[in-house]
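In what follows, a structure is listed as structure tokens, so that the remarks can point back to it.
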Amino acid sequence: MKQLLFIIITCMFVFKAYAVSISTKCTSESGRSEYTLNLDTNARDGMIRYKFMEQDVFYKVIIAKVESGIVEGMAVFEKSNTGEDKGNSFLFKYDLNNNVFEELNIIAKCD
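In the numbering used here, the protein residues as written are 457 to 567.
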């Protein structure tokens, strides 16, 4: 029984070791959209700062899935530095292996 408990506790720590904290800046192919990602795969949350033309908006992140180097989640409007009082939520995908961020039809390469 003690051996089984030891194995379970060890597995818990092994899985936590794969948690990743991500901080990167991503720019769309057109160069007009910029995303600053701060994601915590362990807590399954984070923030995305989105800049487009004169907009500077912050989105709270809820991470739904982390699998095979792909982080998927939803971004929900949090606040704005440029006067917006609401924004559209969006689904996103961040590929750790290729360092690419995607939302809707926008693909952004990351640092």
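Glycine residues also receive a C-beta, built at the ideal position from the N, C-alpha and C atoms.
Nothing here was measured: the structure is a model prediction, and the numbers come from that model.
- Message: Please report the straight-line C-alpha distance between Tyr506 and Arg500, rounded to a whole angstrom.
- Response: 19 Å
- Would you kindly work out how many angstroms separate the C-alpha atoms of Ile563 and Glu528, rounded to a whole number? 14 Å
- Item | Cβ-based burial, Thr538 [other Cβ within 10 Å; buried from 16] | exposed
- Item | Buried or exposed (CB count within 10 angstroms, at least 16 for buried), Ala520 | exposed
- Quick one: residues in its chain with C-beta nearer than 7 Å to the C-beta of Asp496, no 5 flanking neighbours on either side, listed in chain order? Ser477, Gly502
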